[in-house]
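Okay, structure first, notes after.
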Amino acid sequence: MKLSPEHLVIAPILIPLIAGALQLFLDDRGRKLKASLSILSTVALLAVSVLLLRLTHTDNEATGGRIAVYLLGNWPPPFAINLVLDRLSAMMLVLTATLALSALIFSLGRWHKAGVHFHTLFLLLLMGLNGAFLTGDLFNLFVFFEVMLAASYGLVLHGSGLLRIKAGLHYIAINLVASLLFLVGVALIYGVTGTLNMADLAIRISQISEANHMMLESGAAILSVAFLIKAGMWPLSFWLPATYAAAPAPSAAIFAIMSKVGIYVLLRLALLFFGNDPDFPDSPGAQILLYGGLATIGFGTVGVLASQTLGRFAGFSVLISSGTLLTSIGLVQTEVTAGALFYLVSSTLAISALFMLIELVERGQNMAASVLAVTMEAFGYQDEEMEDEEIVGVAIPRTIAVLGTCFAACAILLIGLPPLSGFVAKFVILSALFSPDITSQMDIIPATSWWFMALLILSGLATLIAMSRSGIHTFWVLPVDTMLPRVLFIEILPIAALLCATLVLTIQAGPVMRFMEATATSLHTPQPYIEGVMNAPRAAPPQSIEVAE
Amino acid sequence: MELILSLGIGILVGSGVWLLLRPRTYQIIIGLGLLSYAVNLFIFSVGRLVMDRPPVTQAGVRVDPAAFADPVPQALILTAIVIGFATTALFLVILLAARGLTGTDHVDGEEPDR
């Protein structure tokens, strides 16, 4: 049997599942073997994802990219389970694999020894993530969501400790409720349309009778609440900073993409189901995304300024990132979506790197001291001893220099300063917002655009203040009794690699942006996606088996 | 039948939400359990309430779909029950760990000041 490239579509789910299951047979004495198995499968995952990306993008670029559909069980399309790969899914797969590889390498330093079954949980989380990006029907989305969440519950608690248990309890309770809402939403949509396949739903939603509209819309709204909890829209986001700050560093690094799963689903489903409706930008759904996103940026900005520890700071930057993306989705404009996709990749890489970096930086520090430092500053209390001492010039240790450079790069990315990709991302969003193509359709520039711009820039400013404040405390004001953090090379390597990835993103901004524009265009014109799924060819039955009739 | 089912779902959701908002972990897990029963019944109800009709059609025979029950919601419930059961069991473990580590069954891990 010849394997066609179509079969690769299921590989991102199978690789981590098989590798994760195999790990259960090894006990912790075989940790080296476990680690190499995980690394191998993640490298394979990255390779497969890049291949899939090339498959969707380079083939006939003009016609909106290739939609690869994998029919499990070989049923004709609207029935049974299928996987759908388009540009957006392929992009998310590559992003997941990149983050996974760096988080995994980081964990080999010390974290994977902190508890049992780290590698299994990590790989199953990847399986859930990849499945959620690939699946073509709503119920499998639920199943993959649960796989992802179940693994994430274990990863939040990895390493144990009081703080993690407390944050984990809230996290799990909230996500269990969100899953129930997910099910209610799916059930309502099924009750109205009689199908769960996303492409089929997109067709049927335009055909349902006026009487059923209310039920459909309430279904879609309840479903969205489940994703908005995941994405962390204000006021559904209070659990997020605490949980992400409590999670061990490699878990938090991969959680950076988990909140983007909510964003991904909203983007995909909103545009697939309602994208053809010309009234959608003015509908309550889009408005909630728009204003909710703005509120989330505002909340994140306040939170960033108020955080006393770096972990919570990073949690609130996740919220700023989510808010920016939600607002961009709520605007429903192709150019803004393209910019948002670029921002998604850039900010996820930066936040993931930041979570790992924070753990390294805080390793040498006394936790209470750093909290105290911020509080003292807030009350205008200066460290008087420092002024009396004659400082001749302290040599900055090499570890601190490397960590400081990475910290500065993360700051530049999150603030959105040139030269790194954070700047490009924010610039693209803002320039799309005020581009003549869009503004010429309306008489005036809408107030929401101004609000969005103001909040986007203000959130950058707040990040700048917060990061310079903690950066100065961490790297320049070294108290005498601070122990230097012991940092292994393999722990700093993934952080540097992620930051280099953003550098590549900046240098290759042209081609990347063209890809994002093509992705955004195919999201806003879902017809090729729908036709691609509904007309997916079935595989021919094997020659040797006679078809019984 | 519709009335009984909707009343049942309503009572389960009401009790579940009330328990979920209580401060003790045990109440939360019972609340989550009740809510998931309610959701399962709700999924069942979207497949239309019918009695004495088989969910499986015969192959190759053209049939009237109205004479059959919708099998999809039943399959969905089955999956939802399994997943709900697994996550509840996991939550129970965390709950016990939190009780052991904090010495209290309050959801915040500490008794509020009275």
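Protein sequence lines, in the order shown, are assigned to chains A and B.
762 is the number that the working numbering gives to position 308 of the first sequence; each next residue is one higher, with no gaps.
892 is the number that the working numbering gives to position 94 of the second sequence; each next residue is one higher, with no gaps.
Using N, Cα and C, we set each Cβ at its ideal position, and we do this for glycine too.
Please read these numbers as outputs of a predicted model, since none were measured by experiment.
Consult DSSP for residue i and reduce its assignment to one of helix, strand or coil.
i         : result
A/Leu-779 : helix
A/Glu-841 : Its pLDDT being 46, under 50, A/Glu-841 is placed unreliably by the model, and nothing is read from it.
A/Pro-730 : It is Asn, not Pro, that sits at residue 730 of chain A in the sequence shown. A/Asn-730 falls in the coil class under three-state DSSP.
B/Asp-911 : coil
A/Val-772 : helix
A/Leu-536 : The identity of residue 536 of chain A in the sequence shown is Asn, whereas the question assumes Leu. DSSP places A/Asn-536 in strand when its eight states are reduced to three.
A/Ala-675 : helix
A/Thr-763 : coil
B/Val-811 : helix
B/Asn-838 : helix
A/Leu-525 : strand
A/Arg-992 : coil
A/Asp-591 : strand
A/His-612 : coil
B/Arg-822 : strand
B/His-904 : strand
Hey, does residue i have any beta-carbon neighbour from chain B nearer than 8 Å?
i          : result
A/Leu-578  : no
A/Gly-716  : no
A/Gly-870  : no
A/Met-840  : With a pLDDT of 47 at A/Met-840, under the threshold of 50, the predicted position of this residue should be treated as unreliable, though the coordinate-derived value follows. It does not; no Cβ of chain B falls within 8 Å.
A/Ala-604  : yes
A/Ile-619  : yes
A/Val-645  : According to the sequence shown, residue 645 of chain A is Gly rather than Val. At least one chain B Cβ lies under 8 Å of A/Gly-645.
A/Leu-609  : no
A/Leu-616  : yes
A/Ala-1002 : Caution applies to A/Ala-1002, whose pLDDT of 48 falls short of 50 and renders its modelled position unreliable; the value that the coordinates give is listed next. Closer than 8 Å: no.
Taking CB distances under 8 Å as the criterion, tell me whether residue i reaches chain A.
i         : result
B/Gly-907 : yes
B/Ile-892 : yes
B/Phe-889 : yes
B/Ile-881 : yes
B/Thr-981 : Look at the range of chain B in this structure, 799 to 912, and you will see that residue 981 of chain B is not part of it.
B/Ala-884 : yes
B/Leu-899 : yes
B/Thr-902 : no
B/Leu-874 : yes
B/Ala-865 : no
B/Val-803 : Residue 803 of chain B is actually Leu in this sequence, not Val. Not one chain A Cβ lies under 8 Å of B/Leu-803.
Applying the criterion that 16 or more other CB atoms from any shown protein chain within 10 Å of the CB defines a buried residue, is residue i buried or exposed?
i         : result
A/Val-941 : buried
A/Val-429 : It is not possible to answer for residue 429 of chain A, since the shown part of chain A is limited to 455 through 1003.
A/Thr-552 : buried
B/Arg-820 : exposed
A/Tyr-797 : buried
A/Arg-992 : exposed
A/Leu-526 : exposed
A/Thr-647 : buried
A/His-612 : buried
A/Lys-486 : exposed
A/His-667 : exposed
A/Asn-629 : buried
Taking the alpha carbon of residue i as the point to measure from, which residue in the options has its own alpha carbon closest?
i         : options                                       : result
A/Ile-708 : A/Leu-616, A/Thr-802, A/Phe-796 and A/Leu-634 : A/Thr-802
B/Ala-873 : A/Ile-535, A/Asn-528 and A/Leu-526            : A/Ile-535
A/Leu-694 : A/Val-679, A/Ala-710, A/Pro-704 and A/Ala-703 : A/Ala-710
B/Thr-855 : B/Ser-843, B/Leu-810 and B/Asp-868            : B/Asp-868
A/Ser-875 : A/Ala-557, A/Ala-855, A/Glu-600 and A/Thr-960 : A/Thr-960
A/Val-538 : A/Asn-594, A/Lys-488 and A/Phe-929            : A/Asn-594
A/Pro-948 : A/Lys-684, A/Pro-704 and A/Leu-583            : A/Pro-704
A/Val-882 : A/Ala-963, A/Ser-614, A/Val-570 and A/Ser-713 : A/Ala-963
A/Glu-671 : A/Asn-651, A/Val-638 and A/Ser-691            : A/Val-638
B/Ser-813 : B/Leu-876, B/Gly-829 and B/Glu-800            : B/Gly-829
A/Ala-794 : A/Gly-615, A/Thr-550, A/Ala-972 and A/Ala-586 : A/Ala-972
B/Leu-833 : B/Ala-865, B/Ile-809, B/Phe-889 and B/Val-905 : B/Ile-809
A/Leu-499 : A/Leu-580, A/Arg-483, A/Glu-664 and A/His-624 : A/Leu-580
A/Gly-870 : A/Leu-884, A/Arg-923, A/Met-970 and A/Gly-858 : A/Leu-884
A/Ile-717 : A/Leu-603, A/Thr-956, A/Leu-635 and A/Ile-783 : A/Ile-783
A/Gly-563 : A/Ile-944, A/Gln-981, A/Leu-952 and A/Ala-955 : A/Ile-944
A/Ala-411 : A/Ser-495, A/Ala-656 and A/Leu-720            : With chain A represented from 455 up to 1003, any question about residue 411 of chain A goes unanswered, as that position is not in the structure.
Does the distance between the C-beta of residue i and the nearest non-hydrogen atom of the ligand SAM fall short of 7 Å?
i         : result
A/Ile-898 : The ligand SAM is not part of this structure, which contains no ligands at all.
Residues, ordered as in the chain, of the region 979–990 of chain A that lie near chain B by beta-carbon distance below 9 Å | none
Can you list, in chain order, the residues of the region 622–642 of chain A whose Cβ is nearer than 9 Å to any Cβ on chain B?
-> Gly-622, Leu-623, His-624, Ile-626, Ala-627, Asn-629, Leu-630, Val-631, Ser-633, Leu-634, Leu-635, Leu-637, Val-638, Val-640, Ala-641 and Leu-642
Using Cβ-Cβ distances below 7 Å, what residues of the region 575–602 of chain A are close to chain B?
-> Phe-593, Val-597 and Glu-600
Mind checking the region 824–849 of chain B against chain A and listing, in chain order, the residues whose C-beta falls within less than 7 Å of any C-beta there?
-> Ile-826, Leu-830, Leu-833, Ser-834, Val-837, Phe-840, Ile-841 and Val-844
Residues within the region 900–920 of chain A neighbouring chain B, beta-carbon criterion of under 9 Å | none
When Cβ atoms are compared, which residues of the region 807–820 of chain B fall closer than 8 Å to chain A?
-> Leu-818
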